[in-house]
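The next block holds one structure in the form of structure tokens; read it before the comments.
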Amino acid sequence: MREPVPAKASRDSVRGLVESLLEGDKRSAGKLISLIEDDEPEAVEALARIYPHTGRAHVVGFTGPPGVGKSSLINRLVRTFRSRGKSVGVVAVDPTSPYTGGAVLGDRIRMADTGVDSGVFIRSMATRGHAGGLALATFDAVRVLDAMGSDLVFVETVGAGQSEVEIASRAHTTVVVEMPLTGDVVQTMKAGILEIGDVYVVNKVDLGNEDVLVANLKFQLETRDGWTPPIIRTAALEGRGIDDLAGAIDKHALYLDQSGGRHKRELARARLEILENVQRLLVHRVSEGSRSGRTFDKLAEDVATRRIDPHAAAGKLLRSGPATER
Amino acid sequence: MEVIYTGLRQTPEDIVEAAIQEDVDAIGLSSLSGAHMTLFPEVVRLLRKRKSGDIVVVGGGIIPEEDKAKLKRAGVKAVFGPGTSLSDIVSFFEKAGKGA
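Protein chains in written order, with the working numbering: chain S, 1 to 326; chain P, 1 to 100.
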């Protein structure tokens, strides 16, 4: 469907797109995110050009069950931070249907308040089969918005609930959103949810009954590295508690700066991303029609016919090709 | 295919801004209010102004027959009235996707 970027001018056009991105051009930001999302050949060059200009934005991840009010909270928060003169980017992830491969992305409806504010950029993204509540390109899109000059970038996960630990390893601040009257006490104890949050939000307090959930969270949350996750009560649609939440995000950002936690998180993320790319390059290498590709086919035959086990085959494959290739 | 639903009662400016941020291939507009002769061409005009005239604009809703040709002259690529078959719409987008 997409109008292809003219291949003949690709190098120039990638450079041109990145140059106008750095001047704050939204159309270039939109096009660059598409290049990356569609995994076009130009994406590698685009990301290489963008990377040196990133690292300024504070990245905040929002996770929690579907329908808990993440989009509405982000909508309110964007307005709060805009009124303080901060520019904000948003990447909102929604699920792709495993049956049709299509997606209806609806997060934007709940963020419509921002309209044509020049200091706001919202991008919807479908998971396209990636597990963990994020799309593969999500954090590359975050980088585009970072390089464009956003002070804050908000990432909204699909809200699959308990499998969303990935966000915590990539964002500077992770906000876990819950609401009263869902599930029981055990839900909050499930592994992950209590460990990943830097800030906890109990949204929809207008429904009442939030005290049990707040008390339960307070009882279980622990201080880690000198930071005790605060629990913020909000009612996003009424705009209640939003200033408190913005304050908690600011406070966590300050804590990261003062404790050296920001650098620690950046290092952890860097390690993760290098390994991911090693994995991608390896997969690329063995699936190509190269010499290691043929070795791969032969090993597959051996594993299928039980001459060798998959673990041993992997070792053989790694030793077979020149390690420096590509 | 991915569809981004932006909700009701959007201004042409909102629509164009969203289309650029999302880098869409096409915009589908629906109007039941009778304001389509103002709003649809305005979306096309704003897109061109933002160097995004390559984004296909199509319309639907309650559009009188005599307005359809005028809208097409204004740059709206297709108008799908009530009762249009889904396969007509799909084949339009398939053609548009091949760089038409």
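Just so it is clear, CB atoms sit at the ideal spot from N, CA and C, and this is done for glycine as well.
Note that the coordinates shown come from a computational prediction; the quantities given were computed from them, not determined experimentally.
Below-8 Å beta-carbon distance, Asp14 of chain P vs any chain S residue: yes
Whole-number beta carbon distance between His36 of chain P and Ile63 of chain P, since they are thought to touch under 8 Å: 6 Å
So which of S:Lys316, S:Val283, S:Val142, S:Asp250 has the shortest CA-CA distance to Arg359 of chain S? With chain S represented from 1 up to 326, any question about residue 359 of chain S goes unanswered, as that position is not in the structure.
Length of the line joining the Cα atoms of Val88 of chain S and Thr80 of chain S: 10 Å
Identify, in the order they occur along the chain, each residue of the same chain with its Cβ nearer than 6 Å to the Cβ of Val205 of chain S, setting aside the five sequence neighbours on each side. Arg233, Ala235
Excluding the 5 residues preceding and the 5 following Gly239 of chain S in the sequence, name in chain order all residues of the same chain whose CB lies nearer than 6 Å to its CB. Arg76
Name the two residues that bound the continuous beta strand (DSSP E) containing Val59 of chain S. 58-63
Could you round the C-beta distance between His172 of chain S and Arg82 of chain S to whole angstroms and report it? I think they count as a contact, below 8 Å. Wrong, their Cβ atoms sit about 19 Å apart, outside the cutoff.
Just to make sure I have the definition right: I need the residues of chain S whose C-beta is within less than 7 Å of the C-beta of Ile89 of chain P. Which are they? The premise fails here: Ile89 of chain P is roughly 13 Å from chain S at the closest Cβ pair, so nothing lies under 7 Å.
When you compare the CB positions of Ile33 of chain S and Arg123 of chain S, do they come within less than 8 Å of one another, or not? yes
So if DSSP puts Gly28 of chain P in a beta bridge, which residue, or which two residues, is it bridged to? P:Val58
How close, in whole Å, do the beta carbons of Ile74 of chain S and Phe62 of chain S come, if the pair is a contact with beta carbons under 8 Å? 6 Å
Which runs of the alpha helix (DSSP H) at least 4 residues long sit entirely within the region 290-324 of chain S? Give them in chain order. 291-304, 310-320
Could you check whether the region 14-33 of chain P touches the region 26-40 of chain S, counting it as contact only if at least three pairs of C-beta atoms, one from each stretch, sit closer than 8 Å? yes
Assuming Glu2 of chain P and Ala103 of chain S form a contact by the criterion Cβ under 8 Å, report the distance between their Cβ atoms to the nearest whole angstrom. 5 Å
According to DSSP, residues forming a beta bridge with Tyr200 of chain S: S:Val176, S:Ile231
Label Tyr200 of chain S either buried or exposed according to how many other C-beta atoms from any shown protein chain fall within 10 Å of its C-beta, with 16 as the threshold for buried. buried
Report yes if the C-beta distance between Ile231 of chain S and Val212 of chain S is below 8 Å; otherwise report no. no
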